[in-house]
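Peer 1: I have a structure here, written as structure tokens, and I will follow up with some questions on it.
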Amino acid sequence: MISIELTDTKDFMNKLLRTEIFDNFLLQEAVITKAASYVIDGHLQKGFYSSTELEENGIAGYSILPFRMLRTNCFDLIKGRQTPSSFKFVFLLSPENMEHTLSSLHSAFTLSDISGFFINIRYQNKLLTLTTGISYNIFSADKTLDSEWDKLVMKFLANNDINFKEL
Numbered sequence: 001m002i003s004i005e006l007t008d009t010k011d012f013m014n015k016l017l018r019t020e021i022f023d024n025f026l027l028q029e030a031v032i033t034k035a036a037s038y039v040i041d042g043h044l045q046k047g048f049y050s051s052t053e054l055e056e057n058g059i060a061g062y063s064i065l066p067f068r069m070l071r072t073n074c075f076d077l078i079k080g081r082q083t084p085s086s087f088k089f090v091f092l093l094s095p096e097n098m099e100h101t102l103s104s105l106h107s108a109f110t111l112s113d114i115s116g117f118f119i120n121i122r123y124q125n126k127l128l129t130l131t132t133g134i135s136y137n138i139f140s141a142d143k144t145l146d147s148e149w150d151k152l153v154m155k156f157l158a159n160n161d162i163n164f165k166e167l
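Mapping to full-length UniProt numbering: the sequence shown position 38 is 38, numbers consecutive.
Written out as structure tokens, the structure is:
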């Protein structure tokens with residue numbers, strides 16, 4: 001797990017809310033605090049979409065919605081003259097991207113060993129931070145996968161010209 005300061009808040013927020021950079025991540029939760037607090041629970045509500053719509057949207061078998069399906073809602077809550085006093089986004093990899101990540105890292109862990117690869121983005125006290133994490137279904141003293149996930153996230157940020165520094 002690493003903690004990173006995202007050093008250009010305006011640029012990052014533009015990339016988060018107005019581009020597709022984060023669209024393939026699943027949004028587990030967003031909490032946006034302005035005059036009131038707004039909570040977006042990204043868990044898919046069973047029965048809302050037909051099986052055809054689930055297939056068309058590429059979310060059949062998902063329990064959490066991709067950010068691309070919620071980004072506009074988040075943008076609408078954040079936009080305006082006044083900056084939110086705080087917000088938090090909890091992203092995780094889709095099952096397909098988890099499998100791809102484990103494979104590309106030649107990890108001995110399997111999908112059943114891991115419940116999620118996470119990216120947490122928090123804005124509070126005028127500081128924008130990102131933390132990484134992995135939730136395991138098993139106990140492991142081996143933290144190699146955590147270190148590799150941290151490197152992948154930093155590479156993702158650098159490849160998308162997102163300015164940051166490690167805390």
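Where a beta carbon is used, it is the ideal one built from N, C-alpha and C, also for glycine. Quantities reported herein were computed from a predicted structural model and do not represent experimental measurements.
Could you pull the start and end residues of the alpha helix (DSSP H) that Phe109 belongs to?
Peer 2: Where Phe109 is concerned, there is no enclosing alpha helix (DSSP H), given that its DSSP letter is neither H nor E.
Peer 1: Roughly how many angstroms lie between the CA atoms of Asn14 and Asp142, to the nearest whole one?
Peer 2: In a straight line, the C-alpha of Asn14 is about 37 Å away from that of Asp142.
Peer 1: Does Asn137 come out as helix, strand or coil in the three-state DSSP assignment?
Peer 2: Looking at Asn137 - three-state DSSP - the assignment turns out to be coil, as it is neither helix nor strand.
Peer 1: Does DSSP classify Phe22 as helix, strand or coil?
Peer 2: DSSP places Phe22 in coil when its eight states are reduced to three.
Peer 1: Check for me: the alpha helix (DSSP H) holding Ile78 runs from which residue to which?
Peer 2: Looking at the DSSP string, the run of the alpha helix (DSSP H) that includes Ile78 is Arg71 to Ile78.
Peer 1: Pick helix, strand or coil for Thr7, following the three-state DSSP scheme.
Peer 2: Reduced to three states, the DSSP call for Thr7 is coil.
Peer 1: Hey, how far is the Cα of Thr33 from the Cα of Ser104?
Peer 2: Going by the C-alpha atoms only, they are around 38 Å apart.
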